[in-house]
Each structure stands twice: as C-alpha cells, then as structure tokens.
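What follows is a short report on a single structure.
Numbering (my numbering), first residue to last: 11 to 422.
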C-alpha cells in the first residue's frame, strides 16, 4: 500500500475491476453544531510498512524519527481529527520492544536492531497529550516483501519455524491454516495491547494474500491435516480467518477490557453477480472468495467493534461506485453493534494517474456529504498520513473546511 504498502494489492484490485464481466434522513455531520458531529470517527492511518508514511526512511536518528512522528500527530490535531491508526507490526516485526518478534527494519534499516527508543510507547503518550486516540494497527500474517528467509533476523520466528511459512507471489507469509501460527501471532500482537494503554486494536485488509495470477497458496499439508470437516478448501480457509478474528477480539477484551477491535477490509465483500447479498459492483477481488475474509458476517454477528471498508473509488465509478458501496455497507451494519466508518482514498486526490474525479479537490468532501445521509456511518478514516501532510490539491483542507469546523470526540 516500486515501494510496497498495505494498499499495493488493493491498487492491483482496482485495475482488475474492469476485467470482470458486468453484474447489477440522518442529521448532518459538518462539524458546525449538529448532533452527530458531537461524536464521530475522524481518523488517519499512519503506515510504516516500507516507510510508506513514517519514518520517512530507515536509519534516521531516534530524535529525527520522534520529531517526524510528532509532526504527524500535530497535523492530525490541526485537521481536527481525533484518532491515529498507527501501524506497529507491519511484517511480523515490532515497533515496540517485543519478546516475541524482532525490531522492524523500517526503523534502522536492519531487522532486529534496537532503534534506541520506543516508538509505540511514545506514540501513545504523545497522542494522548494532544487529545488524540491511538489505535495499534497489526498485520497478522505478512512476514516479508521478499521470498528469502535468510534475509530475516537470525532469531526471527519464521526462520526458527520455517514450516510455518508459505512463499507466494515472491513474498513470505505465515500459514493461517496452522493453529500454532494463529496462536503465536495473537500472543505477539496482544503483547503490545497488554503493555500500552492503546485506544483500539486494528487489522488491515491482509488475511490470506491477494491473489496472484497463475499461483496457488501452498497449504496442502495443513488442509489435509485440519480441513477434513469442511466442504472445500475455501470454507476451511474462511473458518481459519473467522477463528483469528473471534479469538483476537476475545484476547483483547481479556487483556484490556473495553478496548475496541476493528478491521479495515477491501471495500467489496462480494459482487451481486456472485451472491445476491453482495453489492452492485464488478470488482475483480472479493474479500469472501479471494482473501477468505467473511467481513459481512463479522459485522452482522457483531464479532468486531468497528469496520472501516476501504471505499477507495469516486462517486459514480462504474465498477465500484462509492455511493452504492456506502449504502450497501450501511445496510450491512444496520441492526448490528459494529460501528461503520468509511475508509477514504486521500492518496488518490491529485494523483495524475487517477481518473478526472480525483483531480477535483471537492471529491472527498462530497463523500462525507453523501455519507451523512446514512445514519450507520459514524465517521471516516483517511489513507494516509503522508498524503495528509502534503495535501497535493487541498482535498483534505476542503474536508476540514466543509465538515470539521469544530473538534469532535470519537464515538464511545
């Protein structure tokens, strides 16, 4: 999300949208005194994988890293946001002193090397000092953006347990089908929740990896051992991810009761042409089928506290219309206890490679205006911090002017 980021595969999915055959009165929140503005999510993702947002490059001094981090927090305050979703486990590593996994290479340039300070501890402290909530963002199964185990730190769990690892698409992943892997990644992640007063726990869109044409995810042995009770491999894989989500939610509540747990999936669960319950879209990726993540069920069953579907398309985009998807997700959330926030593609605003709609500084503001017609939408999260800082065409400034006239606390 070339430099790899959490959105890299999502971008590939967007390009695939046109490759598939065609299918099928709430109060406002403008920050100017209406009721819903009193409590809404105004968030930003702060991505660390491949130094996407922070640190600006590996190997900076601790003082420089800290200064850059605080600059992002200060920017969030200036834009009247209330939540920062900070990526603290980008590739089976850690941005805090973890007894389970090595220090992230994105800090020093060398995986396992102590950066000389505690980024997560500092982020929590400095966010709270500014009145911001800090959600700890974890990627459960990604190990590396390459396929060479020997490039990992010598004591990396993937090296000491190579049978846990699957190579796919030139990258390394933990195998979600192994119970010992599922248990380990939860222990490693919850270590941070236990140690720091984080205000939320967050997963992104990576469960089983995004599909790579002509390749299969090599989990035959795990399926043979554990998949006997399922009608097919896809159902078994979905059950593996269901277990991860439910067990993580339980662990978070055990360790830090009341801390919300949320997920930001790719924006299309299933197309209506695939499933009558799906959205009126023609997406080339469907989370249910391709990532084996039944995100709709997690909301309907209230397994998670909040969901932030990545609705990274413009209003009127033929294959995946933002307006249609907001409406679809609002119906999914209706009657559940899962809060719906909308993931917004700030990174597209002013990008010359994007369609004409994204050259208009008002496109994102129109998203928030449209979403206010759906009572289930309780806020927005913007991808991502670097783009908020640069604000190429003033799209974020327009959002702030139109919708964030006053500060607002996040939903309770």
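In this text, a Cβ means the ideal position worked out from N, Cα and C, and glycines have one as well.
Given the structure is predicted, the values throughout are model-derived calculations rather than measurements.
Helix, strand or coil, according to DSSP, for residue i in the structure here?
i: residue 320; result: strand
i: residue 34; result: Confidence is the limiting factor: at residue 34 the pLDDT is only 27, short of 50, which leaves the residue's position unreliable, though a coordinate-based value still follows. Coil.
i: residue 99; result: strand
i: residue 390; result: strand
i: residue 183; result: strand
i: residue 338; result: helix
i: residue 41; result: Residue placement at residue 41 cannot be trusted, given a pLDDT of 36 that sits under 50; what the coordinates show is reported in the next sentence. Of the three classes helix, strand and coil, the one that applies to residue 41 here is coil, per DSSP.
i: residue 358; result: helix
i: residue 410; result: helix
i: residue 279; result: coil
i: residue 93; result: strand
i: residue 81; result: helix
i: residue 156; result: coil
i: residue 327; result: coil
i: residue 162; result: coil
i: residue 351; result: strand
i: residue 302; result: coil
i: residue 289; result: strand
i: residue 377; result: helix
i: residue 253; result: helix
i: residue 106; result: coil
i: residue 52; result: strand
i: residue 332; result: helix
Against chain B, with Cβ distances strictly below 8 Å, would residue i count as a contact?
i: residue 331; result: Here chain B cannot be found, since the structure has a single protein chain.
Drop a sphere of 10 angstroms on the beta-carbon of residue i, count the other beta-carbons inside from all chains shown, and report buried for 16 or more, exposed for fewer.
i: residue 42; result: With a pLDDT of 35 at residue 42, under the threshold of 50, the predicted position of this residue should be treated as unreliable, though the coordinate-derived value follows. The residue is exposed, with fewer than 16 neighbouring Cβ atoms inside 10 Å.
i: residue 129; result: buried
i: residue 50; result: buried
i: residue 275; result: buried
i: residue 400; result: exposed
i: residue 348; result: buried
i: residue 272; result: buried
i: residue 112; result: buried
i: residue 215; result: buried
i: residue 305; result: buried
i: residue 227; result: buried
i: residue 422; result: exposed
i: residue 190; result: exposed
Sort the options by Cα distance to residue i and report the nearest one.
i: residue 332; options: 268, 197 and 353; result: 353
i: residue 198; options: 168, 73, 417 and 245; result: 168
i: residue 311; options: 149, 204 and 255; result: 255
i: residue 265; options: 92, 346, 210 and 113; result: 210
i: residue 423; options: 279, 64 and 320; result: No answer is possible for residue 423: it lies beyond the span of the chain, which begins at 11 and ends at 422.
i: residue 379; options: 50, 412 and 106; result: 412
i: residue 158; options: 174, 171 and 181; result: 181
i: residue 208; options: 188, 135, 155 and 279; result: 135
i: residue 407; options: 421, 360, 146 and 334; result: 360
i: residue 83; options: 140, 104 and 120; result: 140
i: residue 269; options: 244, 314, 154 and 297; result: 314
i: residue 152; options: 174, 165 and 170; result: 174
i: residue 164; options: 147, 120 and 220; result: 120
i: residue 72; options: 100, 223, 105 and 54; result: 105
i: residue 58; options: 89, 99, 80 and 77; result: 99
i: residue 186; options: 166, 246 and 117; result: 246
i: residue 308; options: 281, 258 and 118; result: 258
i: residue 280; options: 243, 263 and 298; result: 298
i: residue 154; options: 102, 193, 188 and 203; result: 102
i: residue 330; options: 421, 70, 296 and 346; result: 296
Is the separation between the beta-carbon of residue i and that of residue j shorter than 8 Å?
i: residue 201; j: residue 110; result: yes
i: residue 92; j: residue 123; result: no
i: residue 377; j: residue 317; result: no
i: residue 56; j: residue 94; result: yes
i: residue 302; j: residue 344; result: no
i: residue 418; j: residue 387; result: no
i: residue 370; j: residue 334; result: no
i: residue 220; j: residue 300; result: yes
i: residue 367; j: residue 336; result: no
i: residue 150; j: residue 75; result: no
i: residue 217; j: residue 251; result: yes
i: residue 414; j: residue 389; result: no
Examine the Cβ distances between the segment 394–402 and the segment 59–68 and report whether three or more of them are shorter than 8 Å.
yes
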